[in-house]
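Structure record follows, encoded as structure tokens.
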Amino acid sequence: MDNILRDKIYTHAKQWILAAGEQIRNKINEPRIITTKSNPNDLVTEMDKQTEVFFISKIKEVFPGHLIIGEEGFGDQVDTLDGIVWIIDPIDGTMNFVHQKKNFAISIGIYHDGIGEIGLIYDVMADELYQAKRSEGAYKNKQPLVQLKSNLKFEEALLGMNHYFLCENSFVQETSMQQLVRAVRGSRTYGSAALEFAYVAEGIIDAYLSMRLAPWDIAAGIILVNEVGGVTTNLYGEDLNRLKINSILACNPMIQEQLHHFIEKGRK
Ligand code: IPD
Ligand code: CA
Ligand code: CA
């Protein structure tokens, strides 16, 4: 993708994500219409849907040839990443949005022929925009994010991971993951995959692990983490399929091997 086109797309995407965030902030205390999707804890609100529709109408107006994958299903039926594809999670962390009215994000990853070109993750209530263009570094608002530290010690690492890893699960023996959380300095669960990727890119957590994430949860985050020298694979170190569900390990490369040791030890 040439730089002029990329800058044009980036300028619009940034303007739209900030506008969508402002809409959400303005309506944060309005009554919500909450429904459930795959299970009683998989929430969606009218705001998730409105936000996705907002992006789609803007993108189709300015870039009619681009394709869109949106979590709430208002986008296109996309089977390949040929051409320019926007992958959108209108609210990542809907449970936080509903219960906490904060700690959620809008996530947009823009791909050209399968290559991640632009990643935007907007922490709406904090008004913090994490942003990256491929090979041009990553930023939090105007502040550049530095390359991940090369002297990180495993025992001083802070991990982002869901508590389900410590319960019986079908991926990995929970005893191995219990040993992992004891071996590092600490672990955190934030409830927004997009923000957890952004925090890895910012270097405020050193890894993020997840058992199952959809393309819209990871599309932007991968671009941000890769820009600061982080690695993004599935839990077993394999390449991610951008169009399917993947397990996830996004981390500082300094601790990748030790993390794999615990995951492989408990692998089912
Ligand atoms: C969810 C959040 C959560 C992660 C879930 C995702 P949603 O996205 O990112 O942190 O653990 O797997 O589905 O449903 O709030 O967009
Ligand atoms: Ca999500
Ligand atoms: Ca969502």
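The numbering of the sequence shown is the numbering used here, which starts it at 8 and goes up by one.
Cβ coordinates follow ideal geometry from the N, Cα and C atoms, glycine included.
Could you pull out every residue in the same chain whose Cβ sits closer than 6 Å to the Cβ of residue i, ignoring the five residues on either side in sequence?
i    : result
I94  : I76, G116, P222, W223 and A226
G273 : V179, Q180 and S183
Q154 : V235 and G236
D83  : L74 and I75
L242 : S254, L256 and I270
F3   : Nothing about residue 3 can be reported from this structure: the residues present for the chain run from 8 to 275 only.
Using the DSSP secondary-structure output, state which residues sit across from residue i in a beta bridge.
i    : result
K3   : The displayed coordinates of the chain run from 8 to 275. Any statement about residue 3 would go beyond what the structure contains.
T196 : Per DSSP, none; premise fails for T196.
W93  : I75 and I117
D224 : Per DSSP, none; premise fails for D224.
E130 : Correcting the residue type first, residue 130 is Asp in the shown sequence and not Glu. A112 and E135.
Q150 : K147
Cutting at 7 Å between CB atoms, please list the residues of its own chain near residue i, excluding the five before and the five after it.
i    : result
L159 : D213, N259, M261 and I262
C174 : E181
A20  : I115, I117, I125 and L127
Y17  : I125 and K140
I31  : M54, T58 and V131
Let me check understanding here. Comparing Cα to Cα, which of the options lies closest to residue i?
i    : options                   : result
A164 : V191, Y171 and K156       : V191
I24  : S114, V105, Q84 and H73   : S114
H119 : Q265, N10 and I252        : N10
L220 : L247, I270, Y197 and R195 : L247
D14  : M102, M54, N233 and Q138  : Q138
E59  : A112, M102, H267 and H106 : A112
M2   : L155, T196, Q186 and L152 : An answer regarding residue 2 cannot be provided, because it is not within the stretch 8 to 275 covered by the chain.
G198 : H106, I31, M54 and K44    : H106
G28  : P47, L136 and I255        : L136
N4   : Y215, L231 and I35        : Since the first and last residues shown for the chain are 8 and 275, residue 4 lies out of range.
M218 : Y206, G228 and F172       : F172
G100 : A208, T52 and G80         : T52
If I follow the unbroken beta strand (DSSP E) through residue i, where does it start and stop?
i    : result
V191 : Where V191 is concerned, there is no enclosing beta strand (DSSP E), given that its DSSP letter is neither H nor E.
T87  : Where T87 is concerned, there is no enclosing beta strand (DSSP E), given that its DSSP letter is neither H nor E.
K147 : A145 to K147
H119 : A112 to H119
I255 : N253 to C258
M102 : Looking at the DSSP string, M102 is not in any beta strand (DSSP E); the run it does join, the alpha helix (DSSP H), is T101 to Q107.
V179 : From DSSP, V179 is part of no beta strand (DSSP E); its letter is neither H nor E.
V238 : V238 to T240
Just reading off the alpha helix (DSSP H) that residue i is part of, what are its end residues?
i    : result
Y206 : A200 to E209
G167 : Taken as a continuous stretch (DSSP letters only), G167 belongs to no alpha helix (DSSP H), being part of the beta strand (DSSP E) at L165 to M168.
L220 : No alpha helix (DSSP H) holds L220; the beta strand (DSSP E) holding it covers A214 to L220.
F269 : Q263 to K272
Are the C-beta atoms of residue i and some chain D residue less than 7 Å apart?
i    : result
S194 : Absent here is chain D; the protein component of the structure consists of one chain.
Take residue i and list the residues in its own chain whose beta-carbon comes closer than 8 Å to its own, dropping the five residues that flank it on each side.
i    : result
G90  : G72, H73, L74, H119 and D120
P151 : G144 and A145
G193 : L165 and L166
K275 : S177, F178, V179 and Q180
G244 : L256, Q263 and H267
K251 : P222
H170 : T196
K156 : G210, N259 and M261
Please specify which runs of the beta strand (DSSP E), each continuous and at least 3 residues long, are wholly inside the region 16-82, giving them in chain order.
-> 41-43, 50-52 and 74-77
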